[in-house]
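**Student:** Counting in my numbering, the sequence shown runs from 60 upward without gaps. Here a beta-carbon is modelled for each residue, glycine too, at the ideal position from N, C-alpha and C. As the structure is a computational prediction, the values presented were derived from the model and not from experiment.
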Amino acid sequence: MNCRGASRRLSAYIDNDLSPGIKQSVEEHLQHCVSCKRKLAEFEAIVSAAHSLAPLSIKSGFEERVLKAVHSRQETHEVLSNLRYRLTLAGVAFMATSAAIFFVVGPPSSVPLNSFAGASDSSIINSAQAPDFYAHPETKVPSFPVPEGSNPGTLAGNENLTPAESIRTEQFYGPTLQKVNENFNGKY
């Protein structure tokens, strides 16, 4: 046995907690190693000093005070656990309600409902309702894309225009796809 193995087992050797084979190995090592003998003597001195100490006397009521402190901490933990649970439920309920309201009412619009700009900035239609595109085909709505280079007035009555032709995918989906690719390439 080497010094490292013997020094790790010295405390168990003093307490007589080693198996007979390991105890014999430690004793053989101690016969030849001076530094491990010194460590054993230090351990034995500490153990004998600890045994020579007077036993501690506990004041009356100590056990009750300890048990009371333990129970009060358990009660505090239960109260905090209940509060945490209730706050979590309240947060979940708030988020569910907010999501339901968002999906029913919709997101806030960046353009006021009662003002839409027409073909030129000088013509503004004020109404409490959505604009009538049949009566005013020149009306532009920023959230409705049209093909680039086309005249909005000519597209108003065009029945052959498909939804795919009216969307500029590179303008509306390009930034989103670019961000997804950046996130994907950055993480993987």
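Excluding the 5 residues preceding and the 5 following K127 in the sequence, name in chain order all residues of the same chain whose CB lies nearer than 7 Å to its CB.
**Tutor:** For K127, where only same-chain residues beyond five positions count, there are no Cβ hits under 7 Å.
**Student:** Between the stretch 85 to 98 and the stretch 111 to 128, do at least 3 Cβ pairs fall closer than 8 Å?
**Tutor:** Flag = no, the stretch 85 to 98 and the stretch 111 to 128 do not touch.
**Student:** Going by C-alpha to C-alpha distance, which of N75, A109 and C62 sits closest to R97?
**Tutor:** The shortest Cα separation from R97 among N75, A109 and C62 belongs to C62.
**Student:** Report buried or exposed for R145, applying the criterion of at least 16 other Cβ atoms within 10 angstroms of its Cβ.
**Tutor:** A residue is called buried when at least 16 other Cβ atoms come within 10 angstroms of its Cβ; R145 does not meet this threshold and is exposed.
**Student:** Rounded to whole angstroms, what's the CA-CA distance from S157 to A149? Just pull it up for me.
**Tutor:** For S157 and A149, the distance between alpha carbons rounds to 12 Å.
**Student:** What are the boundary residues of the alpha helix (DSSP H) that includes E101?
**Tutor:** V93 to S111
**Student:** Which ranges does the alpha helix (DSSP H) cover as unbroken runs of at least 4 residues, wholly within the stretch 129 to 166, from first to last along the chain?
**Tutor:** none
**Student:** I'd like to check one pair, I73 with E101: are the Cβ atoms closer than 8 Å?
**Tutor:** The criterion of a C-beta distance shorter than 8 Å is not satisfied by E101 and I73.
**Student:** Assuming I81 contacts R68 (C-beta within less than 8 Å), just tell me the rounded distance between them.
**Tutor:** That belief holds up - the Cβ atoms of I81 and R68 are roughly 7 Å apart, short of 8 Å.
**Student:** CB-CB under 6 Å to V85, same chain, minus the five flanking residues each way: which ones, in chain order?
**Tutor:** A65, R68 and Y72
**Student:** According to DSSP, simplified to helix, strand and coil, what is A187?
**Tutor:** Since pLDDT at A187 reaches only 47, below the 50 mark, its modelled position is unreliable, and the value read off the structure follows with that caveat. In the structure shown, A187 sits in coil (DSSP, three-state: anything other than H, G, I, E or B).
**Student:** What did DSSP end up calling S84 once you bin it into helix, strand or coil?
**Tutor:** helix
**Student:** What are the boundary residues of the alpha helix (DSSP H) that S78 is part of?
**Tutor:** Unbroken run through S78: none, as it is neither H nor E.
**Student:** Pick helix, strand or coil for K127, following the three-state DSSP scheme.
**Tutor:** helix
**Student:** In whole angstroms, what separates the C-alpha of N75 from that of L99?
**Tutor:** 13 Å
**Student:** Between the C-alpha atoms of L136 and T147, what's the straight-line distance to the nearest angstrom?
**Tutor:** Going by the sequence as given, residue 136 is His instead of Leu. Each residue's alpha carbon lies about 16 Å from the other.
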